[in-house]
Structure formats: structure tokens, C-alpha cells
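**Q** The structure's right below; bear with me while I get my questions together.
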Amino acid sequence: MAGHHPIPILEFPIRDAAQGRKRAETAGFDGFLRDHYQVLLGFLRRRTASEQDAEDAAQESLARLLRYRESQPPASWKPLLFRIAANVAHDQSRRARSHQRKAHVSLEDCTFTAVAVDALSPDRKLADERQLALVMQTIRGLPEKCRNVFLLSRFHGMSNQAIADRCGISVRMVEKQVTKALAACRKTVRDCGA
Amino acid sequence: MNVTGHMDGISPDSDALAEAERWFVRLLGNASPGEREAFERWRRDPVHAAAWDETERLWQDLGRLEGRPELEHMAASALTATAPRRRRWLIPAVAAGMVLALAAVLLVFR
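These protein sequence lines are chains P and A, in that order.
Its first residue numbered 36, the first sequence is counted upward by one per residue in this note's numbering.
Its first residue numbered 3, the second sequence is counted upward by one per residue in this note's numbering.
Right under this line is the structure:
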């Protein structure tokens, strides 16, 4: 019987599992983690100071991704994970730099008031209410399409491809719109910060 | 507030920032190994590296808007505005078009 698939439903998990060896266990979230851990580590090595930092950041990223396991479709885990990882690595390096300069003040202590943030961590952009309000205004003032695409990217964690599919536009157009929104936010931050 | 890359004494100009933003958004998606390589080359320039850091920081800091009612409202609107709702228009539109075409054909061949 040519073309007969006895259990077509199982095709996907099995194909995923082929990368991760242990067939029964690799489907789903665990499989995803195992399949992407090495790539994640490589990604983080380029953004962290040491192997230990990279591993710490990888663990932290995976832990944070767990929160999205239920709410986000599997297709979005990967872009989400790398976005989280970029943020974690960034936090880590910022914390390290802040410790270098003010060894006795932890970053957590700094974030309570804008004044403290300004004085101790001048690179902390958007640190005060005024800036946040202005950036909000900037986002609100973006053309609708640009704003929606940007919000889906930054605040819904959607991949460029997912947004393109959803909005019926090209990935290039998604990139263009997100870039445009990001530039607008940067100009606002620079204008009110300088 | 100093936002001009004082950390390394480098202040990326807006051209460098614009490039950094393009790279950043590009790399949110699936970048090819070639693109990654090109990106690493680009980032070797200290001005570019400073622009990259600033862009990453901005992206990260935007997270501070999360949870604010206005942002949440806009974010929710972005979802509904781009939901398949628009495509629901497509089916009636196509159906109406077909009816019109049929009507035209019937008129011609009457």
C-alpha cells in the first residue's frame, strides 16, 4: 500500500527526537531544551566573559523560559529563548560592571529610586518615570502597523517570521518596522537624556 | 542621564546606532551563519560595539514598560488588530467577488 502512513500523528515528535537520541523523552519542552542547549551556550559564550558566566546565563535563561512554556506555542520557544538569553547576558555584564565601579552597592539597591540609578548607574536608560512616559508616548505615536509589529515583537515575544505570517507581510517588512520603532524609542531616550 | 556610551568613552553616532538596530532586529530572527559572521565582523569596530551595547540596553529597558496599563492596552490591541479577524473579511470578500463575476457572466450570456 503505497503512501500509507500508519500513525501519521507521531511523525513530528519522532523527527524532533532524532536530534536528541532518547526518543521517548525528547518530545515537547524537555526535548526542546536538550536540542538547543549547546547552541544556546555558544550564543552566550559570545556575550559573556567566561565559560562559567555562559553556563550560569544558560541556566537562568532556561529557567525564565519555563514561565512561557504553557502560554507560548512551541514554535516561539526558540526566538523567545534567545531573546531571554540576550537579556540575561546583558544583565550579567551590567551587574559585573556595576560591581566594578561600586563594589559595595548592588544593582538591586540602585533600582529603587531614579535618583540612585542616575547617580550610581548612569547607563541605566529609561530609568525615570519621565523617560518611560515619553517612550510610551513615542510608541503610541508610531504608525499603527509599525506599532503593532513592534509590540508583537518586543512584548509578545513573537519571532519575525511569526509576525510576518500573522500580519501577512514579509519578514523584511517586519524587520523594517521593528527597526523603525526601535530607532524612534532610541531618539526619544537620547533627546530627553542628553 | 548619560546615555552616550560613557562606559568605554565611546559615543556611537546615530548612523552606528541605526546599523546596530538593524542588526539587532535581524538577529532576532533566524540569522544564517554567514550573517552571524558578518555581524561579528561589524561589531569588532569599537564604535559599533558601543552602539550594539546601547541597542541591547534599550531593548532590555523597554521591558520596564511591561505591566503598565497603557502599554498592556496597546499590546492587547496589537494582538486583536493583527488577529485572523482581517482574514475573516477575506472569505466574504472573495465570495462577493465570485457572485459579481457570476452575475456578470449571466448578464453577458443572457
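Even for Gly, the Cβ is constructed at its ideal location relative to N, Cα and C.
1. Which one of P/K222, P/K215, P/T173 and P/L68 has the shortest CA to CA distance from P/V184?
2. For A/L67 and P/Q73, I'd like the C-alpha separation in whole angstroms.
3. Cα separation between P/A218 and A/E23?
4. In the DSSP assignment, find the alpha helix (DSSP H) that holds A/S79 and state where it starts and stops.
5. For P/Y103, which three-state DSSP category applies?
6. Specify the secondary structure class of A/P94 as computed by DSSP and reduced to three states.
7. Would you say P/I174 lies against chain A (beta-carbon separation less than 8 angstroms)?
8. At least one CB of chain A closer than 8 angstroms to the CB of P/C187: is that the case?
9. Does A/E58 pass the burial test, meaning 16 or more other C-beta atoms within 10 Å, or should it be called exposed?
10. Could you check the C-alpha separation between P/F67 and P/R99 for me, to the nearest Å?
11. So, using beta-carbon positions, are A/L19 and A/A53 closer together than 8 angstroms?
12. When you check each C-beta in the region 24–48 of chain A against every C-beta of chain P, which residues fall closer than 8 angstroms?
13. Since P/V213 contacts P/S188 with CB under 8 angstroms, what's their CB separation in whole angstroms?
14. Please report the distance separating the alpha-carbon of P/Q172 from that of P/P114.
15. Are A/I93 and A/V49 touching if we call contact CB-CB under 8 angstroms?
16. Starting from the Cα of P/Y103, find the closest Cα among P/G192, P/C220 and P/T223 and give me that residue.
17. May I ask you to report which of helix, strand or coil DSSP gives P/R81?
18. Which whole-angstrom value is the C-beta distance of P/A168 and P/A124, which I expect to be below 8 angstroms?
**A** According to the structure data:
1. P/K215
2. 32 angstroms
3. 7 angstroms
4. P71 to T84
5. coil
6. helix
7. yes
8. It should be pointed out that residue 187 of chain P corresponds to Leu in this sequence rather than to Cys. Interface residue, yes.
9. buried
10. 14 angstroms
11. yes
12. R24, F26, V27, R28, L30, G31, N32 and E42
13. 5 angstroms
14. 27 angstroms
15. no
16. P/G192
17. coil
18. Rounded, the Cβ-Cβ distance is 29 angstroms, inconsistent with contact.
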